[in-house]
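Engineer:
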Amino acid sequence: MHFFKENVSLKPYNTFGIDAKARLFYEAHSLEELQWVVDTEVFSNNQVLWLGGGSNMLLTKDFDGLVVKISLTGKRHEVWDEDRVLVTAQAGENWHAFVSYTLEQNWGGLENLSLIPGNVGTAPVQNIGAYGVELKDSFYQLKALHLKTGSVEVFDKARCAFGYRDSFFKQKGKGAYIVTEVSFVLSRQNHQVHTEYGAIQSALLKMPGQVSIQKVAKAVISIRQSKLPDPAEIGNSGSFFKNPVVSEEKANDLKQQYPNLVAFPLANAQTKLAAGWLIEQCGFKGYRKGDAGVHAKQALVLVNYGNARGEEIAALAGEIKRAVFAKFAVVLEPEVNMI
Ligand SMILES: Cc1cc2nc3c(=O)[nH]c(=O)nc-3n(C[C@H](O)[C@H](O)[C@H](O)COP(=O)(O)OP(=O)(O)OC[C@H]3O[C@@H](n4cnc5c(N)ncnc54)[C@H](O)[C@@H]3O)c2cc1C
């Protein structure tokens, strides 16, 4: 039996641990339930928020509408060719549990993306990435429900238009589709490990024997655990801002003023700046205002020390944005979805 719950606290459903309420709430466990909900009058007559693992959103107030939690589960696989396998997971599968499952089967490609919070269905929305690897590198295709027509469409890599923490689903397709399942092509034997990051290399040196995809995952997990706060202990949403991209000319000007500027040259005379460094230079690392704060080890991560309201975290983010602009004339954009 389908029914909508009323006045539901979203605290258990967002990693910032913000106690905002949803006026209406529905949890969809299957494609049929998703199709059912988009066909209802409640859906048509209300603003709707789709919820995966809630690890990339800041709820700035109560949600006066319908929250739909996507909880479709299940995985399947088929042999792709001699060395590869095609693996598909439903949108509501937990991302890290899925990565761990692929590693247990000795399938390679996702190991550098270990321990990223959230669900499989949301991972392509922002093309999650970490330690030199992005989701798009192993991506094959996804299926998404078109909310207007109720039909399920297939998206290959080109149609997804992946970019840095970006995809079609954050641009033209925003609000029009819901991802229902994602497929990856993974290696079965000839694994290509990505160990370019110095921190991964140092962690691997402490593990005797040959490098394996499982060891790379172990290295990534230990680095992440040492650097990033665990949302189960301190509410947070990972990197709050994107690393800003500026012109090479602007980066050179800044480098003259600030020789320690952390910058990565890109193609097309562009340069990516480390947002965490910019924020730290403005004195925010470890800063705290009530229960809203900036993590003591990583200035890019805003945290909820207990009972911060979403609007307090948003106000702190605004303060940081203004300070970075005043000092460096660089605009920070949030990576987190502000709701
Ligand atoms: C400690 C920590 C570390 C992190 N590290 C990284 C990192 O290294 N790299 C990285 O890329 N990200 C990182 N993140 C961000 C986050 O893990 C990813 O953005 C993740 O993909 C979000 O998944 P989610 O299911 O929690 O999304 P949610 O927060 O539930 O949703 C995010 C957005 O997607 C929409 N949405 C949800 N489900 C769907 C769907 N099925 N189809 C379409 N739209 C949907 C929502 O409406 C919302 O707008 C980190 C977060 C935390 C808390």
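Numbering (this note's numbering), first residue to last: 5 to 343. We treat Cβ as the ideally placed atom computed from N, Cα and C, and that holds for glycine.
1. Quick one: what's got a C-beta closer than 7 Å to residue 332's C-beta in the same chain, skipping five residues either side?
2. Do residue 139 and residue 117 have their C-beta atoms within less than 8 Å of each other?
3. Considering only their Cβ atoms, is the gap separating residue 255 from residue 267 smaller than 8 Å?
4. Taking the alpha carbon of residue 14 as the point to measure from, which residue in 5, 109, 31, 340 has its own alpha carbon closest?
5. Would the stretch 77-85 count as touching the stretch 205-214 if we require 3 or more Cβ pairs under 8 Å?
6. I'd like the list of long-range same chain contacts for residue 68, defined as Cβ closer than 8 Å, with 5 residues on each side in sequence excluded.
7. Of the choices 187, 217, 184, whose alpha-carbon is the least far from that of residue 195?
8. Starting from residue 275 and walking both ways along the alpha helix (DSSP H), at which residues does that stretch end?
9. Thinking just about the alpha-carbon of each residue, which of 168, 182, 167 is nearest to the one in residue 154?
10. Does DSSP put residue 152 in a helix, in a strand, or in coil?
11. I'd like the span of the alpha helix (DSSP H) that includes residue 40, first residue to last.
12. For residue 60, verify whether its CB is less than 7 Å away from any heavy atom of ligand 1.
13. Could you check the C-alpha separation between residue 231 and residue 301 for me, to the nearest Å?
14. At which residue ranges does the stretch 69-153 contain complete alpha helix (DSSP H) runs of 4 or more residues, listed in the order of the chain?
15. What's the C-alpha gap between residue 272 and residue 40?
16. Per DSSP, what are the beta-bridge partners of residue 292 in this structure?
17. Give me the Cα-Cα distance between residue 187 and residue 114, rounded to the nearest whole angstrom.
18. Considering Cα atoms alone, identify which of 8, 23, 65, 18 is closest to residue 45.
Structural biologist: Taking the definition as stated:
1. For this step, residue 332 is matched to residue 328 along the sequence shown. Here the set comprises 258, 282.
2. Against the sequence shown, residue 139 aligns to sequence position 135. Against the sequence shown, residue 117 aligns to sequence position 113. Yes.
3. Numbered from its first residue, the sequence shown carries residue 267 at position 263. Numbered from its first residue, the sequence shown carries residue 255 at position 251. Cβ atoms of residue 267 and residue 255: closer than 8 Å.
4. The residue given as residue 14 occupies position 10 in the sequence shown. The residue with the shortest Cα to Cα distance from residue 14 is 31.
5. no
6. Translated into the one-based positions of the sequence shown, residue 68 becomes position 64. Contacts found: 27, 51.
7. Residue mapping note: residue 195 aligns to position 191 of the sequence shown, counting from 1. The residue with the shortest Cα to Cα distance from residue 195 is 217.
8. Here residue 275 corresponds to residue number 271 of the sequence shown, with the count starting at 1. Per DSSP, residue 275 belongs to no alpha helix (DSSP H); it is in the beta strand (DSSP E), 274-277.
9. In the sequence shown, residue 154 corresponds to position 150, counting from 1. Residue 154 has its Cα closest to that of 182, out of 168, 182, 167.
10. Looking up residue 152 in the sequence shown gives position 148. Coil, per DSSP.
11. Within the sequence shown, the letter at position 36 stands for residue 40. Where residue 40 is concerned, the enclosing alpha helix (DSSP H) stretches over 35-42.
12. As a first step, residue 60 is located in the sequence shown; it is residue number 56 there, counting from the start. Yes.
13. What you label residue 231 is simply residue 227 of the sequence shown in a count that begins at 1. What you label residue 301 is simply residue 297 of the sequence shown in a count that begins at 1. The straight-line gap from Cα to Cα measures roughly 7 Å.
14. 99-108
15. Along the sequence shown, one-based indexing puts residue 272 at 268. Along the sequence shown, one-based indexing puts residue 40 at 36. One C-alpha to the other measures close to 46 Å.
16. Translated into positions along the sequence shown, residue 292 becomes position 288. According to DSSP, residue 292 bridges with 297.
17. Taking the first residue of the sequence shown as position 1, residue 187 is located at position 183. Taking the first residue of the sequence shown as position 1, residue 114 is located at position 110. Approximately 12 Å, taken between the alpha carbons.
18. Position 41 of the sequence shown, counted from the first residue, corresponds to residue 45. Among 8, 23, 65, 18, the Cα nearest to that of residue 45 is on 8.
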